[in-house]
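Novice:
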Amino acid sequence: MAATNVALAKKARGRIAYKAGQAAEDIVARQYTRSGRPVLARRWRGTYGEIDLVAQDGDGVIFIEVKKSRSHARAAARLTRRQMDRIYGAGSEFLATQPKGQLTDVRFDVALVDDFGRVDVIENAFMDA
Numbered sequence: 004m005a006a007t008n009v010a011l012a013k014k015a016r017g018r019i020a021y022k023a024g025q026a027a028e029d030i031v032a033r034q035y036t037r038s039g040r041p042v043l044a045r046r047w048r049g050t051y052g053e054i055d056l057v058a059q060d061g062d063g064v065i066f067i068e069v070k071k072s073r074s075h076a077r078a079a080a081r082l083t084r085r086q087m088d089r090i091y092g093a094g095s096e097f098l099a100t101q102p103k104g105q106l107t108d109v110r111f112d113v114a115l116v117d118d119f120g121r122v123d124v125i126e127n128a129f130m131d132a
């Protein structure tokens, strides 16, 4: 019985985190769209993994990783090297769908969302290392 309760609680936490992540992505997508950079794709998936948001910036593309946590600092701390590598790989796959391919201007942003829905965007948050 106790194991069932633990499993149910874990499942509920997972659902809440998923919904919070979706809400954070919605907030960030609206912010990019309002600033004239429409969202081309949400949760775009390639063989390397998923990119939270892909936005158009003129002729270029912005790959956006959204991190939600209690504070912006906590959200920033959740970005790992492995995630950056995943975004690079998936981004390269996405660029194959673009007219200029790998010659497309590209930027990697991280959008940090706190518990109050405030967004802090770090443009060019990471470069290929």
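Note that the sequence shown covers residues 4 to 132 in the working numbering.
Note that the Cβ used here is the ideal one computed from N, Cα and C, for glycine as well.
1) Count the other CB atoms, across all protein chains shown, that sit within 10 Å of the CB of K14; report buried if there are 16 or more and exposed otherwise.
2) Name the residue from Q25, E53 and T7 whose alpha carbon lies nearest to the alpha carbon of D88.
3) Does the structure place the stretch 61-68 close enough to the stretch 95-103 that three or more beta carbon pairs sit under 8 Å?
4) Should the stretch 67-83 be regarded as contacting the stretch 114-122, the criterion being three or more beta carbon pairs within less than 8 Å?
5) Since L56 and A32 are thought to touch, with beta carbons under 8 Å apart, how far apart are those beta carbons, to the nearest angstrom?
6) Which whole-angstrom value describes the C-beta separation of V122 and I30, a residue pair presumed to lie in contact below a C-beta threshold of 8 Å?
7) With distance defined between alpha-carbon atoms, name the residue in Q59, D118 and M130 nearest to Q86.
8) In three-state DSSP terms, what is L43?
9) What residue does the beta strand (DSSP E) around D123 start on, and which one ends it?
10) Grouping DSSP H, G and I as helix and E and B as strand, with all else coil, what is G115?
11) Quick check: the Cα distance between Y21 and D62, rounded to an integer number of angstroms?
Specialist: According to the data block:
1) exposed
2) E53
3) yes
4) yes
5) 6 Å
6) 6 Å
7) M130
8) strand
9) V122 to I125
10) Residue 115 is actually Leu in this sequence, not Gly. Three-state DSSP puts L115 in a strand.
11) 32 Å
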